[in-house]
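Counting in my numbering, the sequence shown runs without a single skipped number right up to 421 at its last residue. Everything below concerns the one structure shown next.
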Amino acid sequence: MLKIKNYVKVKSVAEAYELNQKKTACILGGMVWLKMGNRNISTAIDLSGLGMDVIQERDEEFVIGCMTTLRDLETDPRLDAYTHGAMKESLRHIVGVQFRNCATVGGSIYGRYGFSDVLTMFLALDTEVELYHAGRVPLTEFVHMKKDRDVLMNIIVKKTPLFCAYISQRNTETDFPVLACCVSLLGDEARTVIGARPGRAMIAEDKKQILAGFKEMTNKQRAAAVEAFAEYAAETVPVGKNMRASAEYRSILVKVLVKRAWEAVGGMKNEY
150 MLKIKNYVKV
160 KSVAEAYELN
170 QKKTACILGG
180 MVWLKMGNRN
190 ISTAIDLSGL
200 GMDVIQERDE
210 EFVIGCMTTL
220 RDLETDPRLD
230 AYTHGAMKES
240 LRHIVGVQFR
250 NCATVGGSIY
260 GRYGFSDVLT
270 MFLALDTEVE
280 LYHAGRVPLT
290 EFVHMKKDRD
300 VLMNIIVKKT
310 PLFCAYISQR
320 NTETDFPVLA
330 CCVSLLGDEA
340 RTVIGARPGR
350 AMIAEDKKQI
360 LAGFKEMTNK
370 QRAAAVEAFA
380 EYAAETVPVG
390 KNMRASAEYR
400 SILVKVLVKR
410 AWEAVGGMKN
420 EY
């Protein structure tokens, strides 16, 4: 059961940060996960009055407020166009529309959940998080940081030239993913992100530079590189077991999803 002693709808981020320094305080997002646990909260901090629930497009970046719902992310035409449909694909399986109308991107990113489609998607983009105290931090660094009492204000996606594809495997349509994969060509960088391992999403590093120069490859070279990298990722990405799948099955999925995603980005397949 969730028990809240005091509720404060803050008037500034500074007020939220000050209140959140107590270990028993908690910043509220959509509360879709929080309400399912057993916890005593001394002060519940509500950010909903700060106007941080909008998506702004600037010349060089998108600024996504922490209180933006997953449904707003899913239906935003600008993000859909920029990610070539990958953003919508990463979100459409998450429980249901009612759930996505409540869950916030800030809660999804700050929680750094192992099952998170959202974290997997944003790690494949040129993403920073904006924290009240620490300022801007690349998401690739934030995902490994120890959780503290800072306040996540915005998620910032830079408009780096992008080709992107997102694929997940689920036992049922609205269940947590058994494995998630997002690949992207960020400028000249080929980035592969594997989520729901079932651990926290991670970038599968291409230490052998198998995908280097992917843009300039012929179709035959791309096919060979994709096949080789899929094998390499299956061998090197650490996976585990849980109630949804065994480690062995996830290793197979790594190979399959990585191959399919890179084939989609490379124009070798239309869709999956």
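Each residue gets a CB set at the ideal place from its N, CA and C atoms; glycine is no exception.
Between the Cα of residue i and the Cα atoms of the options, which residue gives the shortest distance?
i    : options                : result
K172 : G348, E380, S191, T321 : S191
D202 : K184, V212, V405, I359 : V212
Y381 : T321, V403, K158, R261 : V403
When the Cα atoms are used, what is the spatial distance from residue i to residue j?
i    : j    : result
C330 : C175 : 31 Å
S395 : G389 : 7 Å
Y421 : A410 : Note that Y421 scores 39 on pLDDT, short of 50, meaning its location in the model is unreliable; the coordinates nonetheless yield the value given after this. Approximately 9 Å, taken between the alpha carbons.
G344 : G263 : 7 Å
D355 : M216 : 34 Å
A372 : C251 : 41 Å
N419 : D229 : With a pLDDT of 47 at N419, under the threshold of 50, the predicted position of this residue should be treated as unreliable, and no value is reported.
N189 : N169 : 14 Å
A283 : R261 : 17 Å
E164 : A353 : 39 Å
Kindly give me the distance between the Cβ atoms of residue i and residue j, rounded to whole angstroms, as I take these residues to be in contact under 8 Å.
i    : j    : result
A350 : L222 : Not quite, the Cβ-Cβ distance comes to about 16 Å (not below 8 Å), so this is no contact.
S257 : L219 : 7 Å
A273 : R227 : Incorrect: roughly 17 Å between the Cβ atoms, too far for contact.
A305 : E277 : In the sequence on display, residue 305 carries Ile and not Ala. Right, their Cβ atoms sit about 5 Å apart.
By Cβ distance below 7 Å, which residues in the same chain neighbour residue i in space, the five residues on each side in sequence not counted?
i    : result
L335 : D275, T309, L311
V181 : F248, C251, A252
H233 : F312, C313
Could you pull out every residue in the same chain whose Cβ sits closer than 6 Å to the Cβ of residue i, ignoring the five residues on either side in sequence?
i    : result
V246 : none
G415 : R371
Between residue i and the rest of its own chain, which residues show a CB-CB distance below 8 Å, the 5 nearest in sequence each way excluded?
i    : result
A377 : I359
G200 : G214
Problem set entry | contact_flag[the segment 227 to 244, the segment 284 to 304] where n(CB pairs < 8 Å) is 3 or more | Taking 8 Å as the limit for Cβ pairs, the verdict is that the segment 284 to 304 does not touch the segment 227 to 244.
Exercise. Is the segment 396 to 410 close to the segment 313 to 331, with three or more CB pairs under 8 Å?
Worked result: Between the segment 396 to 410 and the segment 313 to 331 there are three or more C-beta pairs closer than 8 Å, enough to call the two in contact.
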